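**Student:**
There are 2 protein chains.
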Amino acid sequence: MAITVVGSVALDRIETPFATQDRVLGGAASYFALTASLYDTVNLVGVVGTDFPESYLEELKARRVDTEGLQVVPGKTFYWGGRYHLDLNTRDTLFTELGVFADFHPTLPERYRDAEIVFLANIQPQLQLDVLRQTTNSPSIRLRALDTMNLWIANEREALTEVMRQVDVVLIAEDEVRQYAGVPSLRTAARHILDLGPKMLVVKQGSYGALLFGADGSFFAAPAYPLEEVHDPTGAGDAFAGGFLGYLAQRLREAGSLGAQDYRRALIHGNILGSFTCEDFGCQRFHGLTPEAITARYGEFVHFTHFEQAWVVAYATEMATRETLQP
Amino acid sequence: MAITVVGSVALDRIETPFATQDRVLGGAASYFALTASLYDTVNLVGVVGTDFPESYLEELKARRVDTEGLQVVPGKTFYWGGRYHLDLNTRDTLFTELGVFADFHPTLPERYRDAEIVFLANIQPQLQLDVLRQTTNSPSIRLRALDTMNLWIANEREALTEVMRQVDVVLIAEDEVRQYAGVPSLRTAARHILDLGPKMLVVKQGSYGALLFGADGSFFAAPAYPLEEVHDPTGAGDAFAGGFLGYLAQRLREAGSLGAQDYRRALIHGNILGSFTCEDFGCQRFHGLTPEAITARYGEFVHFTHFEQAWVVAYATEMATRETLQP
């Protein structure tokens, strides 16, 4: 069982009011791979230049990430720089040097076609379509999901709409749902996207949590974890996707199919991994992050969101611990 | 049993992108009284001018609102005008004509001193202190709560801090908590206020819901109700307070004391009344609003926020059986 992800693998320069670090491991696919691999094997599809540090490759490989689909080609790795404002909620992009990413043509190794889940991280919709075409004849695939960004909504709307038509789950930030649908009501905007075909729409609300809209009219909402301090929010949305789809992969492995409760709990796992990401610089928080730490935070979520029948919530938390600890 | 509220009773001119209405019933105390009175008797302390329509007085009296403490004095009623932007999330104040409110000196009728709950709606901290002084010798009082706004945080910080020291619950908007504490982390900012003495801090997050921080370190978070369409958000924060404190008054009546679960469920009732408010213009949605409609929306909240509900139900049944068997 595995999750195939296609997206950017980058070197980041991150400046926050408290610290600056240069050429740290970055890119949507990196954050996704390092988090989803806590739940299942991740097949990484991407491209880096010959300047990409060997140590980062080792870091990925050490965590159940298959890097056969990560092309290493002559040239520079995608290099991105961002500077956060004092509140860490807003940032300015300092530079975007695409390097070898500009000519990226994703190619799925033969064995990646046995994956159950395909995640199209935030890249050009045409590349997302290209990857979907390469998985057309993969009978193992149970779930296709995508993420995107304001740039593609504005400039590649038609191609993006086509990818949305072909996936089961769309993950998208709150302002991007509104931008795509052109209406202020999230509920109306959600229907706009679900009418295209996806079964589920996940609306990421950053420090406010996340919403889950189902094509069957179902709805679920989860607040975010109340962090004491945000060190660096870079990659939180990609780590959210890693927790969300990682948990779904785990449930597919355990139960053979996915129910409404699985999607709800997956949203919690997305919030959990997003919150861990913000606790340290870049991808650093994932070092030594254990399933036990995730389970503990899951228990906290039960406690701070449930308001009915408290006397069984404690019991449910205990059961959650048991379930996750079982291999 | 009753809740005493002191605050503004006003005439509003509200302009949204879809409609404009002039001289509708407004003011924090009006929204609070019309919602809290769905749960318990409300003692209203405020002031209006001789231009205040008799029909609005009747509307209040018809709904368990005691208006003996609402002074009617020669002059004009507080008149406020606001215009909402297209997304209904932001608004410009068009005018603020204080009228008789400028010389308001709250006076509590003798029988108001038997109330169990006192709510100091958003008015000058000095007036809030004045009301607290008048309730010093009221042995019936179980809970004192306050709301405030950015203006008082900026200009009357010392007096506001003194009121905070004297209340049990502080209700405040998210940006105002940060403004008061001067730190971006809500968790740190919450501790800042709770260290002054209140047992509970409610952080109102508008369309994102609300947070509950306890002086004992407890935490609870509730998302907002997903409205299909927002017609007019005026008064939503005051109606939130009405649902929150109204439910606590009901629990005090039923159980004689308040536990952690009561505060959690009160936060849900706050969200519910806040959401109803936005569904129509001004106070109009409260006409014909029934306890049954509130209960139905409460059920929806359970459904869209609990993700361990299946376990909760299963084990509730099991535990109930055990409980019955054990004498």
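Top to bottom, those sequences are chains A and B.
Each residue of the first sequence is one higher than the one before, counting from 81 in my numbering.
Each residue of the second sequence is one higher than the one before, counting from 81 in my numbering.
Ideal Cβ placement from N, Cα and C applies to all residues, glycine included.
The structure presented is a predicted model; accordingly, all values stated were derived computationally and were not measured.
Does any C-beta atom of chain B lie closer than 8 Å to the C-beta of A:Leu168?
**Tutor:** Yes, its Cβ sits closer than 8 Å to a Cβ of chain B.
**Student:** On a CA-only basis, which of A:Asp194, A:Pro303, A:Gly323 and A:Lys141 is nearest B:Gly289? Give me that one, please.
**Tutor:** Nearest C-alpha to B:Gly289: A:Pro303.
**Student:** Note down, in chain order, each residue of its chain lying with its Cβ closer than 7 Å to the Cβ of A:Arg163, except the 5 sequence neighbours on either side.
**Tutor:** Around A:Arg163: Glu95, Arg171, Asp172 and Leu174.
**Student:** Hey, quick one: how far does the alpha helix (DSSP H) through B:Asn230 stretch, first residue to last?
**Tutor:** Residues Asn230 to Asn235.
**Student:** Measuring only the C-alpha atoms, how far is B:Met81 from A:Asp248?
**Tutor:** The straight-line gap from Cα to Cα measures roughly 54 Å.
**Student:** Would B:Leu140 and B:Leu369 be called neighbours here (beta carbons separated by less than 8 Å)?
**Tutor:** The answer is no: Cβ separation not under 8 Å.
**Student:** Express the C-alpha separation of A:Ala116 and A:Ala321 in angstroms, rounding to a whole number.
**Tutor:** For A:Ala321 and A:Ala116, the distance between alpha carbons rounds to 8 Å.
**Student:** How do the region 120-130 of chain A and the region 260-269 of chain A stand: do at least 3 beta-carbon pairs fall below 8 Å, yes or no?
**Tutor:** Not touching, per the Cβ criterion.
**Student:** Under 8 Å by Cβ, that's how I've got A:Pro186 and A:Leu209 pegged, so tell me the actual separation to the nearest angstrom.
**Tutor:** 10 Å between Cβ atoms; not a contact.
**Student:** What does a CB cutoff of less than 8 Å around A:Gly362 pick up in its chain, not counting 5 residues either side in sequence?
**Tutor:** These residues qualify, in order along the chain: Asp92, Ile94, Gln101, Val104, Leu105, Gly106, Asp312, Thr314 and Gly315.
**Student:** Here's a check: name, in chain order, each residue in its chain whose Cβ is nearer than 6 Å to the Cβ of B:Gly277, leaving out the five neighbours to either side.
**Tutor:** Excluding positions up to five away in sequence, the list reads Arg245.
**Student:** If I measure Cβ to Cβ from A:Val153 and keep anything under 7 Å in the same chain, skipping five residues before and after, which residues do I get?
**Tutor:** Within the same chain, A:Val153 has close Cβ partners Val127, Gly129 and Val180.
**Student:** List, in chain order, every chain A residue whose beta-carbon is nearer than 7 Å to that of B:Thr385.
**Tutor:** What B:Thr385 touches in chain A: Ala301 and Thr385.
**Student:** Taking only runs that begin and end inside the region 202-280 of chain A, name each unbroken beta strand (DSSP E) of 3 or more residues, in chain order.
**Tutor:** Fully enclosed beta strand (DSSP E) runs of 3 or longer: 223-227 and 249-253.
**Student:** Taking 8 Å as the CB-CB limit, is B:Val243 close to chain A?
**Tutor:** By this cut-off, B:Val243 is not an interface position.
**Student:** Hey, out of B:Ala269, B:Tyr327 and B:Leu188, whose CA is closest to B:Asp342's CA?
**Tutor:** Minimum Cα distance to B:Asp342 is reached at B:Tyr327.
**Student:** Please name the residue, chosen from A:Val85, A:Ser220, A:Trp232 and A:Leu178, that lies closest to A:Glu148 on a Cα-to-Cα basis.
**Tutor:** The residue with the shortest Cα to Cα distance from A:Glu148 is A:Val85.
**Student:** Do the region 368-386 of chain A and the region 296-310 of chain A touch if we need at least three Cβ pairs shorter than 8 Å?
**Tutor:** Yes, since at least three Cβ pairs between the region 368-386 of chain A and the region 296-310 of chain A fall closer than 8 Å, the two stretches touch.
**Student:** Are any of the Cβ atoms in chain A nearer than 8 Å to that of B:Arg402?
**Tutor:** Residue placement at B:Arg402 is flagged as unreliable, the pLDDT there being 48, under the threshold of 50; a coordinate-derived value is accordingly withheld.
**Student:** Go through its chain and collect everything with a Cβ distance to B:Pro189's Cβ below 6 Å, but skip five positions before and after it.
**Tutor:** Taken in chain order, the residues that qualify are Glu148 and Gly149.
**Student:** Can you tell me whether DSSP reads A:Gln101 as helix, strand or coil?
**Tutor:** It is a strand residue.
**Student:** Just how far apart, CA to CA, sit B:Glu256 and A:Asp167?
**Tutor:** If I take the Cα positions, the gap works out to 15 Å.
**Student:** In chain B, what lies closer than 7 Å to A:Gly289 by C-beta?
**Tutor:** Those within 7 Å of A:Gly289 in chain B are Pro303.
**Student:** Does the structure place the region 338-353 of chain B close enough to the region 196-207 of chain B that three or more beta carbon pairs sit under 8 Å?
**Tutor:** Flag = no, the region 196-207 of chain B and the region 338-353 of chain B do not touch.
**Student:** Please state the DSSP three-state secondary structure of B:Glu372.
**Tutor:** In the structure shown, B:Glu372 sits in a helix (DSSP, three-state: H, G or I).
**Student:** Just how far apart, CA to CA, sit B:Ala182 and B:Leu231?
**Tutor:** Between B:Ala182 and B:Leu231, the C-alpha separation is close to 15 Å.
**Student:** Where does A:Gly149 fall in DSSP's three states?
**Tutor:** Coil, per DSSP.
**Student:** With distances taken Cα to Cα, identify the nearest neighbour of B:Ser220 among B:Glu238, B:Asp194, B:Ala269 and B:Glu236.
**Tutor:** For the residues B:Glu238, B:Asp194, B:Ala269 and B:Glu236, the minimum Cα distance to B:Ser220 belongs to B:Asp194.
**Student:** Would DSSP call B:Glu403 helix, strand or coil?
**Tutor:** Any reading at B:Glu403 is ruled out, since the residue's pLDDT is 45, under 50, leaving its predicted position unreliable.
**Student:** Give the residues from the region 331-358 of chain B that approach chain A closer than 7 Å (Cβ to any Cβ), ordered along the chain.
**Tutor:** Cβ contacts with chain A come from Gln341, Arg344, Arg345 and Ile348.
**Student:** So the candidates are A:Ser337, A:Phe324, A:Arg333 and A:Val382; which of them puts its Cα closest to the Cα of A:Ala113?
**Tutor:** That would be A:Phe324, whose Cα lies nearest to the Cα of A:Ala113.
**Student:** What residues are listed by DSSP as bridge partners for A:Glu177?
**Tutor:** A:Glu177 is bridged to A:Tyr159.
**Student:** Which residues of the region 251-272 of chain B have a Cβ closer than 8 Å to any Cβ of chain A? Give them in chain order.
**Tutor:** Under the 8 Å Cβ criterion, the region 251-272 of chain B contributes Pro264, Ser265, Leu266, Arg267 and Thr268.
**Student:** In whole angstroms, what is the alpha-carbon distance linking A:Arg258 and A:Phe387?
**Tutor:** Looking at the two C-alpha atoms, the distance is approximately 31 Å.
**Student:** Roughly how many whole angstroms lie between the Cα atoms of B:Thr22 and B:Leu291?
**Tutor:** For chain B, the structure presents residues 81 to 407; residue 22 of chain B sits outside this window and is missing.
**Student:** Throw me the rounded Cβ distance for the A:Leu223 and A:Glu242 pair, which I believe falls under 8 Å.
**Tutor:** That belief does not hold up - the Cβ atoms of A:Leu223 and A:Glu242 are roughly 18 Å apart, past 8 Å.
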